[in-house]
């Protein structure tokens, strides 16, 4: 077959360590190396350019102006009808993510507990009286002169009063008779509807990586109290940085995009916002990136139906040679 002089790829960005911009601004990553192997085997020059949006990329691939997107994409019925596909490259799963500090927020309370309670104090007084009675009996047994009964009662009452006063004094000043401890309570897991209620109430924000992520008729309701409740940010690294610094933020991301957390200065733990099948159907009606919400789907390279079949076969050979296991994540 006739080899192409140049292999044009488009770079969408944001899939560390598969494809990302290094500190010098160059495209790097495992998928870049894969395509370099393909270009070397096909004896063509590899050219990678930053795309102008997913729609522009799809248009360029369909018209065969670009060979493929540098990164793999999930497949739906429309894409299967419009493009040629490669061997499966990996599995991806879309979910709403937020900082784990927001769903595992810990409520810490300082509380006091009493080591000697009132019943303990009464027990001490009773023990003291028993000891006093034993002392009197022992004195009588030894034929020692004993004081009058009234004098003995007054003496014991004074001793008991002294003991109780001392106990109350120490108890009041917490000098060893009180302790303290910390109770840590885990916050409830955030649900999708809980997140929406927070956005409506102005206490949460959502970050969109693609336009119209939320149903159009819902946007006005969600932003009624806070015009900035929905923020558009196409760059994955900036989204993850925002999630780590703002515990009120949430964003729809693919599982492989989360790997870019290794590129930011202050990484954090991210958690998935709990969803269900009803939410998945609702969101998938308005956003093509969310049709696989919470479901693992395969990733493929997509090509134009007029693309060079020889290079497509080379790509499959490299993919299958490098990734011989059934599932690559």
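In full-length UniProt numbering, the protein residues as written are 1 to 329. Positions of the beta carbon are idealized from the N, C-alpha and C atoms, including for glycine.
Residue i to residue j, Cα distance in whole Å?
| i | j | result |
| --- | --- | --- |
| residue 247 | residue 78 | 37 Å |
| residue 97 | residue 32 | 27 Å |
| residue 29 | residue 18 | 5 Å |
| residue 106 | residue 257 | For residue 106, the predicted structure reports a pLDDT of 47, less than 50, and the residue's modelled location is therefore unreliable. A value from the coordinates is still provided. Near 27 Å, if we compare the C-alpha coordinates of residue 257 and residue 106. |
| residue 221 | residue 201 | 10 Å |
| residue 195 | residue 254 | 18 Å |
| residue 314 | residue 12 | 22 Å |
| residue 191 | residue 275 | 6 Å |
| residue 9 | residue 71 | 9 Å |
| residue 193 | residue 82 | 35 Å |
| residue 177 | residue 156 | Low confidence applies to residue 177: its pLDDT is 44, below 50, so where it sits in the model is not reliable enough to give any reading. |
| residue 208 | residue 231 | 6 Å |
| residue 229 | residue 317 | 46 Å |
| residue 205 | residue 198 | 8 Å |
| residue 65 | residue 100 | 43 Å |
| residue 304 | residue 249 | 38 Å |
| residue 320 | residue 203 | 48 Å |
| residue 27 | residue 21 | 5 Å |
| residue 233 | residue 252 | 11 Å |
| residue 245 | residue 260 | 15 Å |
| residue 310 | residue 86 | 12 Å |
| residue 219 | residue 73 | 27 Å |
| residue 44 | residue 84 | 21 Å |
| residue 68 | residue 294 | 26 Å |
| residue 41 | residue 300 | 20 Å |
| residue 312 | residue 271 | 37 Å |
| residue 129 | residue 164 | 13 Å |
| residue 224 | residue 273 | 23 Å |
| residue 226 | residue 54 | 29 Å |
| residue 296 | residue 269 | 21 Å |
| residue 80 | residue 46 | 26 Å |
| residue 75 | residue 24 | 33 Å |
Indicate whether at least one CB of chain D lies closer than 8 Å to the CB of residue i.
| i | result |
| --- | --- |
| residue 232 | Given the protein chain composition of this structure (a single chain), no chain D is represented. |
The alpha helix (DSSP H) with residue i in it runs from where to where?
| i | result |
| --- | --- |
| residue 200 | 192-200 |
| residue 38 | 30-42 |
| residue 240 | 236-245 |
| residue 253 | Note, residue 253: premise wrong, no alpha helix (DSSP H); beta strand (DSSP E) at 249-254. |
| residue 334 | Nothing about residue 334 can be read from this structure; the chain reaches only from 1 to 329. |
Looking at the secondary structure, which residues open and close the beta strand (DSSP E) in which residue i lies?
| i | result |
| --- | --- |
| residue 299 | 296-300 |
| residue 8 | 6-11 |
| residue 207 | 205-208 |
| residue 98 | 90-99 |
| residue 231 | 230-232 |
| residue 271 | 270-272 |
Does residue i pass the burial test, meaning 16 or more other C-beta atoms within 10 Å, or should it be called exposed?
| i | result |
| --- | --- |
| residue 94 | buried |
| residue 306 | exposed |
| residue 236 | buried |
| residue 5 | exposed |
| residue 133 | exposed |
| residue 358 | The structure shown does not extend to residue 358, since the chain is modelled only from 1 through 329, so no value can be given for it. |
| residue 7 | buried |
| residue 322 | exposed |
| residue 308 | buried |
| residue 122 | exposed |
| residue 153 | exposed |
| residue 126 | exposed |
Exercise. Is the number of C-beta pairs between the region 235-243 and the region 57-68 that are closer than 8 Å three or more?
Worked result: no
For this session: Inspect the CB distances between the region 254-269 and the region 25-40 and report whether three or more fall short of 8 Å.
Result: no
Problem set entry | Complete alpha helix (DSSP H) runs within the region 45-76 (minimum length 4 residues, chain order) | 54-62
Exercise. Using 8 Å as the Cβ pair cut-off and three pairs as the minimum, do the region 77-91 and the region 48-56 touch?
Worked result: no
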